[in-house]
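Enquirer: The sequence shown begins at 139 in the numbering used here and counts up by one.
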Amino acid sequence: MNPAVRVPRDPRAVRHLAPRGAAHADQLPRRPQVVVAGAGIAGLTAATALAERGVAVTVVEREEHLGGRVGAWTEQDANAGQLSVSRGFHAFFRQYYNLRALLQRTDPELRRLRSVPDYPLLDAHGRRDTFRGLPRTPPWNALFFALRSPTFRLRDLLALDARAAAPLAAVSVPEIYQLLDHVDAETLLERINFPRPARHLAFEVFSRSFFASPREMSAAELAVMFHLYFLGSAEGLVFDVPTSAFDTALWEPLRAHLESLGVRFRTGVAVTAVERPGAGFRVHTGTGEQLPADGVVLALDVAGLRSVVDASADLADPQWREQVLRLRTAPPFLVHRLWLDRPVSSRRPPFLATGGLAPLDNISVLDHYEREAQQWADRRGGSVVELHAYAVERLPGDEEARVRALCDRLVERLHQVYPETGSARVVAQRSLWRQDCPMFGLGDFARRPRVRTPFGGLVLAGDGIRIDLPVALMERAAATGWHAANTLLARWGLAGHELTSVPTRGRLAPLRAWASLGR
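Okay, structure coming up:
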């Protein structure tokens, strides 16, 4: 049995109170109608927040499955039978309060999540960092992590440039972006004199989870990450994962919940444009439909949002259009999943991050935690392994051939890191080569569009949309989804939903004072 994940909430977590208003749309003269474009985390969060207040919601999703970049689906393979496929591993950290609030709609005690006791970081020299057993309380969590690392010594701590490191110690959002968004993460670490081997593990692993190399990633985003996962939160550094595939654990139950609230889903259909014929909207789809709406949530990936705005002449504010159309995508990434005919050692962690082992960024052994993979491995006496390569450089030439070569190099690294896989036969494999994650590069924060738009009734949501809270990745998607819904609910005099975050500034007064002296 999987015990319920019960983690005490950090007493310093910040509640962001919801707008007040009527409890339900049945108290209004007319029930508002909203079209939500996109059924990833942001869109499903917005749909949930609106439907729970009685708003009529239609969700339009380009794919046949829900969940966006956290989606999953099944495929039939001639050799391996029915396979569960997804876009790759995701870590559900305990400080993802707004995402967890969404999941608790169908799983109040979060029993469909299970704790991952550790996720080691391994470098090319065999040095390994671990998050197991760290204290929860900042700054001791970061200090203990550093001092017990084989790549970081006390002399390295004494050699750090305190003035350059001060912003990491006392992050304040959004002020940190004004201070560091013009600097790349690698340059900041060089200024701090952070030892290169430790930098490679402790920071590059996290920066690449944003699908960017440290030379391309904003130092402000790195600082917010450090605050969110280390110095700003007492939730600890251990995360949870779903006990089964994303579709069965998360999105199918949520879809059933939303349909019970009257939400309609149109999957396999893309939103193509938005019209403003009068007081409301008409949302155009690729099937020729024109959906009337009082409000619209565009919860799309970067390319999808740019395409819709570019095709929507009625969304005519020049400055806003430029913000949207200048949004960038991060470099491409590859997810290579293997179904093997023999098991991976039971000693292997469910998730291993790597540094200095290019092109490999991490290895997931899915049958060590996911039900569908466990069932397949039990039936076949094998294992299910997933390999990731992030921030892959695009090169000229035959892309298909280069992706095949990249897959081969990933498998070579797997054999190097987990030698028992060297003699395994590949029963089935699936590769996903994508470039649809937002870029968090230099100066991007100030240019990023916000949830609110110049057009009353139209809002944006997603992990590439600006929100002035210390959130990232899936949690940014959920936070913008709640905020987008709250913006529309307030427009109709309906009550919103409370958001929660880690502290919006450094939680330790001595570190804040030290940081202020360093500026």
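Virtual Cβ for every residue (Gly too), placed ideally from N, Cα, C.
Could you check the C-alpha separation between V446 and T186 for me, to the nearest Å?
Expert: Sequence index remark: in the sequence shown, residue 446 carries index 308 (1-based). Sequence index remark: in the sequence shown, residue 186 carries index 48 (1-based). C-alpha separation (whole angstroms): 23 Å.
Enquirer: Tell me whether the beta-carbon of R353 lies closer than 8 Å to the beta-carbon of E328.
Expert: Here residue 353 refers to the residue found at position 215 of the sequence shown. Here residue 328 refers to the residue found at position 190 of the sequence shown. Going by C-beta atoms, R353 is not nearer than 8 Å to E328.
Enquirer: So, E199 versus G176, is the Cβ gap smaller than 8 Å?
Expert: On the sequence shown, position 61 is the one that residue 199 refers to. On the sequence shown, position 38 is the one that residue 176 refers to. Taking 8 Å as the Cβ cut-off, E199 and G176 qualify as a contacting pair.
Enquirer: If you reduce the DSSP assignment to three classes, tell me which class E213 lands in.
Expert: Residue numbering aside, residue 213 sits at position 75 when the sequence shown is read from its first letter. It is a strand residue.
Enquirer: Considering Cα atoms alone, identify which of Q428, H395, R334, D319 is closest to V362.
Expert: Translated into positions along the sequence shown, residue 362 becomes position 224. Minimum Cα distance to V362 is reached at D319.
Enquirer: Which whole runs of the beta strand (DSSP E) in the stretch 355–414 are 3 residues long or more, in chain order?
Expert: The stretch 355–414 contains these whole beta strand (DSSP E) runs: 377–380, 402–405, 409–413.
Enquirer: Which same chain residues end up closer than 7 Å to A383 when comparing Cβ atoms and leaving out the 5 residues on each side of it in sequence?
Expert: Numbered from 1 along the sequence shown, position 245 holds the residue referred to as residue 383. Taken in chain order, the residues that qualify are A210, S222, S224, E508, E510.
Enquirer: Thinking C-alpha only, which one of A562, A437, R547 is nearest V522?
Expert: Sequence index remark: in the sequence shown, residue 522 carries index 384 (1-based). Nearest option by C-alpha distance: A562.
Enquirer: Relative to the C-alpha of F377, which residue among L251, V412, D215 is closest?
Expert: Here residue 377 refers to the residue found at position 239 of the sequence shown. Here the closest residue by C-alpha is L251.
Enquirer: Quick one: what's got a C-beta closer than 6 Å to Q567's C-beta in the same chain, skipping five residues either side?
Expert: Looking up residue 567 in the sequence shown gives position 429. L476, listed in sequence order.
Enquirer: Using the C-alpha atoms, what's the distance from R464 back to M577?
Expert: As a working mapping, residue 577 is identified with position 439 in the sequence shown. As a working mapping, residue 464 is identified with position 326 in the sequence shown. Computed Cα separation, rounded: 11 Å.
Enquirer: Quick one, are the C-beta atoms of G433 and G595 less than 8 Å apart?
Expert: Here residue 433 is taken as the residue at index 295 of the sequence shown, counted from 1. Here residue 595 is taken as the residue at index 457 of the sequence shown, counted from 1. Yes. Within cutoff.
Enquirer: Taking F348 as the reference, give the member of L326, G634, H526 with the closest Cα.
Expert: For the purposes of this step, residue 348 is identified with residue 210 of the sequence shown, where counting begins at 1. Cα-wise, what sits closest to F348 is H526.
Enquirer: Just curious, the alpha helix (DSSP H) that D294 is in, first and last residue?
Expert: Here residue 294 refers to the residue found at position 156 when the sequence shown is read from its first residue. Where D294 is concerned, the enclosing alpha helix (DSSP H) stretches over 292–297.
Enquirer: What are the boundary residues of the alpha helix (DSSP H) that includes V446?
Expert: Position 308 of the sequence shown, counted from the start, is the residue given in the question as residue 446. Segment 440–448, the alpha helix (DSSP H) holding V446.
Enquirer: If you draw a straight line from the alpha carbon of I179 to that of L570, how long is it in whole angstroms?
Expert: Taking the first residue of the sequence shown as position 1, residue 179 is located at position 41. Taking the first residue of the sequence shown as position 1, residue 570 is located at position 432. Their Cα atoms are separated by approximately 20 Å.
Enquirer: What does a CB cutoff of less than 6 Å around G350 pick up in its chain, not counting 5 residues either side in sequence?
Expert: In the sequence shown, counting from the first residue as 1, residue 350 sits at position 212. It should be noted that the sequence gives Ala, not Gly, for residue 350. The answer, listed in chain order, is A468, A529.
Enquirer: At what residue ranges does the stretch 209–267 contain a whole run of the beta strand (DSSP E), taking only runs of 3 or more?
Expert: Listed in chain order, the complete beta strand (DSSP E) runs (minimum 3 residues) inside the stretch 209–267 are 210–215, 219–224, 251–253, 259–261.
Enquirer: Should L295 be labelled buried (16 or more other beta-carbon atoms within 10 Å of its own) or exposed?
Expert: If you number the sequence shown from 1, residue 295 lands on position 157. It counts as exposed.
Enquirer: Just how far apart, CA to CA, sit E373 and A451?
Expert: Indexing the sequence shown from 1 puts residue 373 at position 235. Indexing the sequence shown from 1 puts residue 451 at position 313. Whole-angstrom Cα-Cα distance: 46 Å.
Enquirer: Where does V640 fall in DSSP's three states?
Expert: Along the sequence shown, one-based indexing puts residue 640 at 502. The answer is coil: DSSP assigns V640 none of H, G, I, E or B.
Enquirer: Please report the distance separating the alpha-carbon of F403 from that of D256.
Expert: To locate residue 403, count along the sequence shown from 1; it is residue 265. To locate residue 256, count along the sequence shown from 1; it is residue 118. So the alpha carbons of these two residues sit roughly 38 Å apart.
Enquirer: Excluding the 5 residues preceding and the 5 following A284 in the sequence, name in chain order all residues of the same chain whose CB lies nearer than 6 Å to its CB.
Expert: By 1-based counting over the sequence shown, the position of residue 284 is 146. F290, listed in sequence order.
Enquirer: Taking the continuous alpha helix (DSSP H) assigned at A184, which residues delimit it?
Expert: The residue labelled residue 184 in the question sits at position 46 within the sequence shown. Here the alpha helix (DSSP H) through A184 covers 179–189.
Enquirer: Taking only three categories from DSSP, how would you classify W630?
Expert: Residue mapping note: residue 630 aligns to position 492 of the sequence shown, counting from 1. Coil.
Enquirer: Can you name, in chain order, every residue of its own chain whose Cβ lies under 7 Å from the Cβ of A666, other than the five neighbours on each side?
Expert: Nothing about residue 666 can be reported from this structure: the residues present for the chain run from 139 to 657 only.
Enquirer: At the level of alpha carbons, what is the spacing between F218 and R480?
Expert: Mapped onto the sequence shown, residue 218 falls at position 80. Mapped onto the sequence shown, residue 480 falls at position 342. Per the sequence shown, residue 218 should be read as Ala rather than Phe. A218 and R480: Cα-Cα distance of roughly 13 Å.
Enquirer: Is L504 closer than 8 Å to L548 when the C-beta atoms are compared?
Expert: Position 410 of the sequence shown, counted from the first residue, corresponds to residue 548. Position 366 of the sequence shown, counted from the first residue, corresponds to residue 504. No, Cβ-Cβ distance for L548 and L504 is not below 8 Å.
Enquirer: Does the Cβ of R542 have 16 or more other Cβ atoms within 10 Å, making it buried, or fewer, making it exposed?
Expert: As a position in the sequence shown, residue 542 is number 404, starting the count at 1. It is exposed - the Cβ of R542 has fewer than 16 other Cβ atoms within 10 Å.
Enquirer: Inspect the beta-carbon positions of L443 and L436 and report whether they are closer than 8 Å.
Expert: In the sequence shown, counting from the first residue as 1, residue 443 sits at position 305. In the sequence shown, counting from the first residue as 1, residue 436 sits at position 298. Yes. Within cutoff.
Enquirer: Just curious, the beta strand (DSSP E) that A529 is in, first and last residue?
Expert: Locating residue 529 in the sequence shown gives position 391, where the first residue counts as 1. A529 -> no beta strand (DSSP E), and no H or E assigned at all.
Enquirer: Is the separation between the beta-carbon of A151 and that of V482 shorter than 8 Å?
Expert: Within the sequence shown, residue 151 is the residue found at index 13, counting from 1. Within the sequence shown, residue 482 is the residue found at index 344, counting from 1. Result no, Cβ atoms of A151 and V482 do not sit closer than 8 Å.
Enquirer: Counting C-beta neighbours from all protein chains within 10 Å, is the total for L533 16 or more, i.e. buried, or is it exposed?
Expert: Position 395 of the sequence shown holds residue 533. Burial call: exposed.
Enquirer: What's the gap between the Cα of R301 and the Cα of N331?
Expert: For this step, residue 301 is matched to residue 163 along the sequence shown. For this step, residue 331 is matched to residue 193 along the sequence shown. Roughly 11 Å separates the two Cα atoms.
Enquirer: Report the start-end ranges of each beta strand (DSSP E) in the stretch 556–623 that is 3 residues or longer and not cut off at the edges.
Expert: The qualifying runs are 564–572, 596–598.
Enquirer: Excluding the 5 residues preceding and the 5 following T625 in the sequence, name in chain order all residues of the same chain whose CB lies nearer than 8 Å to its CB.
Expert: Along the sequence shown, read from residue 1 onward, the residue named residue 625 stands at position 487. Excluding sequence neighbours, T625 sits near V589, R590, V597.
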